[in-house]
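S.K.: Okay, here's the structure, questions in a sec.
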Amino acid sequence: MDVTEEVWDKILEINVKATALMTKAVVPEMEKRGGGSVVIVASLAAYTPFPALGPYNVSKTALLGLTKNLAIELAQKNINVNCLAPGIIKTKFSHVLWMDEAREESIKEALRIRRIGKPEECAGIVSFLCSEDASYITGETVAVSGGAPSRL
0 MDVTEEVWDK ILEINVKATA LMTKAVVPEM EKRGGGSVVI VASLAAYTPF
50 PALGPYNVSK TALLGLTKNL AIELAQKNIN VNCLAPGIIK TKFSHVLWMD
100 EAREESIKEA LRIRRIGKPE ECAGIVSFLC SEDASYITGE TVAVSGGAPS
150 RL
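Counting from 0, one number per residue, gives the positions in the sequence shown under numbering that gives the first Met the number 0.
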């Protein structure tokens, strides 16, 4: 809880407010095209918070609610809204979590699939959620987490 108000504001503004406003900005164009798909990117931290990252964890949990809310609001416009909740994925952003071998092994031990995820594994889910094959899916969150617990 030793986090400044400025940090709370910045993280919530970037992760929640910006997502809502970006969605609002693209909806008119999607309507002109007869509908579309929005995929919001949350995090497994929405379900299993990371220690010492309170504002981040809360912001990612808020995105689950935003997904549900937007799915209701945009359904009549033929716009599906879903969410991706990645676990630990090998990216530059997450490098600090797996930068040394011992730490990486510790992370892998906590996963049912004993490896760290790859960005393309998230991309495939996003592609599916934007496809006609997912046209009857809205308001859902897909965890890409190597089997880590992913429910509130």
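Glycine is no exception: its CB is placed at the ideal position from the N, C-alpha and C atoms.
Considering only the beta carbon of each residue, do ALA133 and ALA84 sit closer than 7 Å?
M.R.: Not a contact, by the Cβ cut-off of 7 Å.
S.K.: Report back the beta-carbon spacing between ILE88 and LYS117 to the nearest angstrom; my notes put them in contact at under 8 Å.
M.R.: Confirmed, about 7 Å.
S.K.: How about GLY189 and ILE78: are their beta carbons less than 7 Å apart?
M.R.: Residue 189 cannot be examined here, being either before or after the span of the chain that is shown, 0 to 151.
S.K.: Leaving aside the five residues before and after LEU11 along the sequence, list all residues of the same chain whose C-beta is less than 8 Å from its C-beta, in chain order.
M.R.: Once the five neighbours on either side are set aside, the close Cβ partners of LEU11 are PRO54, VAL57, SER58 and ALA61.
S.K.: Note down the Cα distance separating CYS129 from ALA109, rounded to an integer number of angstroms.
M.R.: Their backbone Cα atoms lie some 30 Å apart in a straight line.
S.K.: Closest to PRO90 by C-alpha separation, out of ASP1, ALA51, LEU20 and ILE115, would be which residue?
M.R.: What sits at residue 90 in the sequence shown is Thr, not Pro. Nearest option by C-alpha distance: ILE115.
S.K.: Which residues mark the beginning and the end of the alpha helix (DSSP H) in which THR140 is found?
M.R.: Looking at the DSSP string, THR140 is not in any alpha helix (DSSP H); the run it does join, the beta strand (DSSP E), is 140–143.
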